[in-house]
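Visitor: Please see the structure below; I have some questions.
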């Protein structure tokens, strides 16, 4: 990802919400990364304390945290997201330090952000241009609809469409604001594209671990998944081809992959080896989760190998949520 | 729940995994409760530090925590669950202090536990009777299949069936072990039953808060739901009848209620009042969650009332998971 984005001449501003780890942050730092993305004010505070001083909070600004935002902005370059003139005016009035402001654009995901043709964008730009504290940074999108798309062509089509929309907006305002940029990020399209050029900034995050969902989307191979949860076996039921692990919803999260006939998969099952872990045990998967229990379905020919006290590895469906539950954040 | 179980002459051993709160624990203590259930060794340690000294860990014993179990058992009355002679022999060999041991029985949920007719039960009883440290406490079940049952008759049918199975097992061994008991617990059946008698011990937990899932099962009314998550509004999109809140999967958990046509509901929406909160806003619900964002769908006639900076309350689908994510456990 690093090499590809460098080749595209874009700024690489990785999203740190997936790992939330100072140690992994340092791996990025050693590669020369000095700008990051996070998803909350508290996560920005956490990384700012570790010396990160150029942080974008990629979440519509929460007015109730204006005090914390002021505190952060007093010591680092902080960038915020807005999608209404109402919130922008609030920031213009309340902020005591310079912050960068991106307009969040909805290029088709329909979560947060303004549609490219929304007249609200003009109002926000006017408010920004009249403010001393707010610097208009440009247009930002998260193309989260790549997660429900299937197939490389369809996913790269979303990337191209987002590129066109962001660059059209940028072109409209670039004369008045020569410093504005386009910022784009999602792991599926950034993983599949051979070429990420055409955006000024790229912000994927999940690729640092990948997960079973990304494998199903086609963003990565099983070998690329870089996180496995160590779960002790507590019961083995050969009669129903099931193993119970200490590893439930409060460890893995309830994210799942769905298929026909009510089939649900909450993770793949691997065996730990001296240097890592095996490929998934064929036909084995986490079929159900309650608060602390996980149920693994496993074919007859493998199940007799395991007994209580063994430790199985689970490749999570959504690494961001699993790591959020299990990571030490101190 | 307290009055009903007292009337049934059963021991009330509430499950504390739902609230994980010392403060709420104290409410139970003031009502005279001195025996509790938890779902992990770490939760047992947490409550033991607060003076709880009779704790059942209602999870198949995890051999890898034997050191922590020994430490706990040195100072409190600890009860463990087993469902194999293999794990029971391990405990008999490794434990240094007296612990109580329940045999986990599967009365139809098919998560953990042995079927009532499983010959493994006899082997476990033999191992227990030969051990100095292990005291055979009796038979315990969690009738989790009440969660997927619908209708009072069907749910109380599960309760009766479990009662019959546990008492039959108890009858088989009572002459040899006069102190053994039957232990039962799940919120749906204990909520719906007018009479909980026939078990020696009852262990529901979720009822302390209830939630949207329990409301859908029929265990409680909406008024009984005793937890709401305060979520700041960050964006309002009247054009698509949606509000974005700061309240996502890492706050609420991804548990949902499902209906036809791919309908998913991740929570009801309420307004806070001076003394609590309103009934749910009609037609409004959390329709989607990502890591930090929640999307609320809300009918046109209500949506104009809200703007960024307002705080909405969300009644969670599964209070145990939501509280686990948000509770301060220090």
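Residue numbers (this note's numbering), protein chains in the order written: chain A, 1 to 330; chain B, 1001 to 1330.
Glycine included, every Cβ here is placed at the ideal spot set by N, Cα and C.
Are any of the Cβ atoms in chain A nearer than 8 Å to that of residue 1055 of chain B?
Guide: As a working mapping, residue 1055 of chain B is identified with position 55 in the second chain. No, no contact with chain A.
Visitor: So the candidates are B/1278, B/1258, B/1273; which of them puts its Cα closest to the Cα of residue 1266 of chain B?
Guide: Against the second chain, residue 1266 of chain B aligns to sequence position 266. Residue B/1258 is the option with its Cα nearest to residue 1266 of chain B.
Visitor: Quick check: the stretch 203–215 of chain A against the stretch 228–244 of chain A, are at least 3 beta-carbon pairs closer than 8 Å?
Guide: With the cut-off at 8 Å, the stretch 228–244 of chain A and the stretch 203–215 of chain A do not touch.
Visitor: Select from A/125, A/56, A/110 the residue whose C-alpha is nearest the C-alpha of residue 174 of chain A.
Guide: Here the question's residue 174 of chain A lines up with position 174 in the first chain. Comparing Cα-Cα distances from residue 174 of chain A to each of A/125, A/56, A/110, the minimum goes to A/125.
Visitor: Kindly say whether residue 86 of chain A, judged by its beta-carbon, lies nearer than 8 Å to any beta-carbon of chain B.
Guide: Numbered from 1 along the first chain, position 86 holds the residue referred to as residue 86 of chain A. For residue 86 of chain A, the answer is yes, since a Cβ of chain B falls inside 8 Å of its Cβ.
Visitor: Rounded to whole angstroms, how far is the Cβ of residue 1086 of chain B from the Cβ of residue 305 of chain A, which I believe are closer than 8 Å?
Guide: If you number the second chain from 1, residue 1086 of chain B lands on position 86. If you number the first chain from 1, residue 305 of chain A lands on position 305. At roughly 14 Å, the Cβ-Cβ gap does not stay under 8 Å, so residue 1086 of chain B and residue 305 of chain A are not in contact.
Visitor: Looking at residue 1210 of chain B and residue 1226 of chain B, is the spacing between their C-beta atoms short of 8 Å?
Guide: Within the second chain, the letter at position 226 stands for residue 1226 of chain B. Within the second chain, the letter at position 210 stands for residue 1210 of chain B. Yes, they are a contact pair.
Visitor: Taking Cβ positions, are residue 1352 of chain B and residue 1186 of chain B nearer each other than 8 Å?
Guide: Since the displayed chain B opens at 1001 and closes at 1330, residue 1352 of chain B lies outside it and no answer follows.
Visitor: Taking Cβ-Cβ distances below 9 Å as the criterion, which residues of the stretch 1251–1267 of chain B are in contact with chain A?
Guide: The residues in question are 1253, 1254, 1255, 1256.
Visitor: Which chain B residues sit within Cβ distance under 9 Å of residue 110 of chain A?
Guide: Within the first chain, numbered from 1, the residue matching residue 110 of chain A stands at position 110. 1237, 1240, 1242, 1295, listed in chain order.
Visitor: For the pair the stretch 1266–1275 of chain B and the stretch 1286–1300 of chain B, tell me if three or more CB-CB distances fall below 8 Å.
Guide: They touch, by the three-pair rule.
Visitor: Kindly indicate the opening and closing residues of the beta strand (DSSP E) around residue 1054 of chain B.
Guide: The residue you call residue 1054 of chain B lines up with position 54 of the second chain. First-last of the beta strand (DSSP E) with residue 1054 of chain B: 1054–1060.
Visitor: Using a C-beta to C-beta distance shorter than 7 Å, which residues of chain B count as neighbours of residue 64 of chain A?
Guide: The residue labelled residue 64 of chain A in the question sits at position 64 within the first chain. Chain B residues near residue 64 of chain A: 1232, 1309.
Visitor: Note down, in chain order, each residue of its chain lying with its Cβ closer than 7 Å to the Cβ of residue 1009 of chain B, except the 5 sequence neighbours on either side.
Guide: Looking up residue 1009 of chain B in the second chain gives position 9. If we look at residue 1009 of chain B and ignore the five residues flanking it on each side, its Cβ neighbours are 1197.
Visitor: With DSSP as the reference, identify every bridge partner of residue 1076 of chain B, one or two as the case may be.
Guide: Position 76 of the second chain, counted from the start, is the residue given in the question as residue 1076 of chain B. Paired residues: none, contrary to the question.
Visitor: Output, in sequence order along the chain, the residues in the stretch 112–123 of chain A whose CB is closer than 7 Å to any CB in chain B.
Guide: Of all residues in the stretch 112–123 of chain A, 112 have a Cβ within less than 7 Å of some Cβ in chain B.
Visitor: Do residue 1095 of chain B and residue 1134 of chain B have their CB atoms nearer than 8 Å?
Guide: Within the second chain, numbered from 1, the residue matching residue 1095 of chain B stands at position 95. Within the second chain, numbered from 1, the residue matching residue 1134 of chain B stands at position 134. Yes. Within cutoff.
Visitor: Which residue comes first and which comes last in the alpha helix (DSSP H) that contains residue 269 of chain A?
Guide: Working through the first chain from its first residue, we reach residue 269 of chain A at position 269. Looking at the DSSP string, residue 269 of chain A is not in any alpha helix (DSSP H); the run it does join, the beta strand (DSSP E), is 267–273.
Visitor: What residue range does the alpha helix (DSSP H) around residue 215 of chain A cover?
Guide: The residue labelled residue 215 of chain A in the question sits at position 215 within the first chain. Here the alpha helix (DSSP H) through residue 215 of chain A covers 212–217.
Visitor: Counting only beta-carbon separations shorter than 8 Å, does residue 59 of chain A have a partner in chain B?
Guide: Position 59 of the first chain, counted from the first residue, corresponds to residue 59 of chain A. Judged by the 8 Å Cβ criterion, residue 59 of chain A is in contact with chain B.
Visitor: With a threshold of 8 Å between beta-carbons, can residue 228 of chain A be considered close to chain B, or not?
Guide: Translated into positions along the first chain, residue 228 of chain A becomes position 228. False, the Cβ-Cβ gap to chain B never drops below 8 Å.
Visitor: Going by DSSP, name the residue or residues bridged to residue 311 of chain A.
Guide: The sequence position of residue 311 of chain A within the first chain is 311, counting from 1. BP columns for residue 311 of chain A point to A/232.
Visitor: Measuring straight from C-alpha to C-alpha, what distance separates residue 136 of chain A and residue 152 of chain A?
Guide: For this step, residue 136 of chain A is matched to residue 136 along the first chain. For this step, residue 152 of chain A is matched to residue 152 along the first chain. Looking at the two C-alpha atoms, the distance is approximately 34 Å.
Visitor: Nearest by alpha-carbon distance to residue 1046 of chain B: which of B/1115, B/1023, B/1161, B/1295 is it?
Guide: Start at 1 with the first residue of the second chain, and residue 1046 of chain B comes out as number 46. It is B/1023.
Visitor: Buried or exposed for residue 1027 of chain B, going by 16 or more other Cβ atoms inside 10 Å?
Guide: The residue labelled residue 1027 of chain B in the question sits at position 27 within the second chain. It counts as exposed.
Visitor: Looking only at its own chain, which residues have a Cβ that is under 6 Å from the Cβ of residue 1255 of chain B, when we skip the five neighbours before and after it?
Guide: As a first step, residue 1255 of chain B must be located in the second chain, where it is residue number 255. Here the set comprises 1317, 1318, 1321.
Visitor: Within a Cβ cutoff of 8 Å, which residues of the same chain sit near residue 1036 of chain B, ignoring the five residues on either side of it in sequence?
Guide: For this step, residue 1036 of chain B is matched to residue 36 along the second chain. Closer than 8 Å at the Cβ level, and outside the excluded window around residue 1036 of chain B, lie 1013, 1014, 1015, 1016, 1025, 1028, 1047, 1052, 1054, 1055, 1056.
Visitor: Using alpha carbons as the reference points, say which of A/84, A/30, A/44 lies closest to residue 70 of chain A.
Guide: Residue numbering aside, residue 70 of chain A sits at position 70 when the first chain is read from its first letter. Here the closest residue by C-alpha is A/44.
Visitor: State buried or exposed for residue 1107 of chain B, treating a residue as buried only when at least 16 other CB atoms are found within 10 Å of its CB.
Guide: Here residue 1107 of chain B refers to the residue found at position 107 of the second chain. It is buried - the Cβ of residue 1107 of chain B has at least 16 other Cβ atoms within 10 Å.
Visitor: Do we get a CB-CB distance below 8 Å when we pair residue 1300 of chain B with the residues of chain A?
Guide: Counting from one through the second chain, the residue named residue 1300 of chain B turns up at place 300. Chain A, which has no Cβ nearer than 8 Å to the Cβ of residue 1300 of chain B, makes this no.
Visitor: What's the C-alpha gap between residue 1102 of chain B and residue 311 of chain A?
Guide: The residue given as residue 1102 of chain B occupies position 102 in the second chain. The residue given as residue 311 of chain A occupies position 311 in the first chain. Cα to Cα, the separation comes out at about 24 Å.
Visitor: Does residue 40 of chain A get closer than 8 Å to chain B when you measure Cβ to Cβ?
Guide: In the first chain, residue 40 of chain A corresponds to position 40, counting from 1. Residue 40 of chain A counts as touching chain B.
Visitor: By Cβ distance below 7 Å, which residues in the same chain neighbour residue 5 of chain A in space, the five residues on each side in sequence not counted?
Guide: To locate residue 5 of chain A, count along the first chain from 1; it is residue 5. 12, 196, 202, listed in sequence order.
Visitor: Alpha carbon to alpha carbon, how far is residue 3 of chain A from residue 1092 of chain B? Give it in angstroms, no decimals.
Guide: Along the second chain, one-based indexing puts residue 1092 of chain B at 92. Along the first chain, one-based indexing puts residue 3 of chain A at 3. Rounded to the nearest angstrom, the two C-alpha atoms are 57 Å apart.
Visitor: In angstroms with no decimal places, state the Cα-to-Cα distance between residue 1242 of chain B and residue 111 of chain A.
Guide: As a working note, residue 1242 of chain B is residue 242 in the second chain. As a working note, residue 111 of chain A is residue 111 in the first chain. If I take the Cα positions, the gap works out to 9 Å.
Visitor: Determine whether the Cβ of residue 1211 of chain B lies closer than 8 Å to any Cβ atom of chain A.
Guide: In the second chain, counting from the first residue as 1, residue 1211 of chain B sits at position 211. Not closer than 8 Å to any Cβ of chain A, the Cβ of residue 1211 of chain B fails to qualify, so no.
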